[in-house]
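First up is the structure itself, then whatever we jot down about it.
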Amino acid sequence: MNGESRPVTRIARSASACMEQTHVGQLAVGTCEIVMLNRDSSQPKRTIARQTARCACRRGQIAGTTRARPACVDARIVKSKQWCEMSPCSEGEICGLLFNRSGWTCTKGGGRIKTVTPLPKEPS
Numbered sequence: 001m002n003g004e005s006r007p008v009t010r011i012a013r014s015a016s017a018c019m020e021q022t023h024v025g026q027l028a029v030g031t032c033e034i035v036m037l038n039r040d041s042s043q044p045k046r047t048i049a050r051q052t053a054r055c056a057c058r059r060g061q062i063a064g065t066t067r068a069r070p071a072c073v074d075a076r077i078v079k080s081k082q083w084c085e086m087s088p089c090s091e092g093e094i095c096g097l098l099f100n101r102s103g104w105t106c107t108k109g110g111g112r113i114k115t116v117t118p119l120p121k122e123p124s
């Protein structure tokens with residue numbers, strides 16, 4: 001490793017998605033990629049992660065989360081804040097809405113809880 005930093009996140013896409021790209025930097029329709037990932041572990045037993053994704057969604061879809069990865073989801077889910085309908089948690093985790101629907105929690109055995117609160121979309 002000789003002191004070099006390694007990327008924390010790998011972006012995997014299927015071969016068919018890569019073949020659908022027409023220009024460098026242009027996403028295939030229906031795909032997403034992580035463009036920024038920051039982690040803050042300065043507090044004991046707590047990690048705050050901020051992730052920004054870029055998606056090329058079909059009509060009626062919007063950027064969301066499926067199985068703990070960025071994905072295009074039905075826009076109705078995001079507008080109604082029924083977050084658990086997009087299956088945002090990893091395999092084996094249980095999704096729960098926060099009391100004010102500002103986000104969701106993913107709970108895993110052993111008491112590990114991950115809380116997610118989406119940031120509002122910036123005006124274009």
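According to the UniProt record's numbering, the sequence shown holds residues 1 to 124 in order.
Note that beta-carbon positions come from the ideal geometry of N, C-alpha and C, so glycine has one too.
Keep in mind it's a predicted model, so treat the numbers as computed, not measured.
Counting C-beta atoms within 10 angstroms of its own C-beta, T105 has 16 or more neighbours from the protein chains shown and is therefore classed as buried.
Annotated as proximal: R39 and A49, with beta-carbon spacing under 8 Å. Take the alpha-carbon of K108 and the one of E93: they are about 5 Å apart. For K114, the enclosing beta strand (DSSP E) covers residues 112-116. Spatial neighbours of G103 in its own chain (CB-CB distance under 7 Å, excluding positions within 5 residues in sequence) are listed in chain order as W83, T115, V116, T117, P118. Note that the C-beta distance between A63 and I34 is not below 8 Å. Excluding five sequence positions before and after E85, the CB atoms of its chain that fall closer than 7 Å to its own CB belong to I77, given in chain order.
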